[in-house]
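Per the working numbering, the very first residue in the sequence shown carries number 129; after that it's consecutive. All C-beta atoms, glycine included, are put in the ideal place defined by N, C-alpha and C. Because the structure is a prediction, the values reported are computed rather than measured. Inspection log for the structure reproduced underneath, given as structure tokens.
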Amino acid sequence: MNVWQAAADLVRRSGSGALATVARVRGSTPVPAGTKMLVGAGGRLIGSVGGGCVEAEVIGAALEAQ
């Protein structure tokens, strides 16, 4: 399943969703630029942007945007 199919499925199930994409990286990172994570209503996740504090911030911003 590609990211767009996953996004459509997530929105269909959750009612809304946000797509986060790692745009640029510097130094040692757990994921490369271009990595995507889908965040559905209620915090349902598909994928990861690397975990830790950064991912928590991304999830919070995505939920606020919905």
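Taken through DSSP and simplified to helix, strand or coil, Val159 comes out as coil. For Ala134, the closest C-alpha among the options Gly180, Leu166 and Ile187 is that of Leu166. In terms of Cα proximity to Val159, the closest of Val177, Glu192 and Ser142 is Val177.
Taking 8 Å as the upper bound for CB-CB distance, Gly171 and Leu191 are in contact here, some 6 Å apart. Excluding residues up to 5 positions away in sequence, Val150, Ala151, Arg152 and Val153 lie with their Cβ nearer than 8 Å to the Cβ of Ala161 in the same chain.
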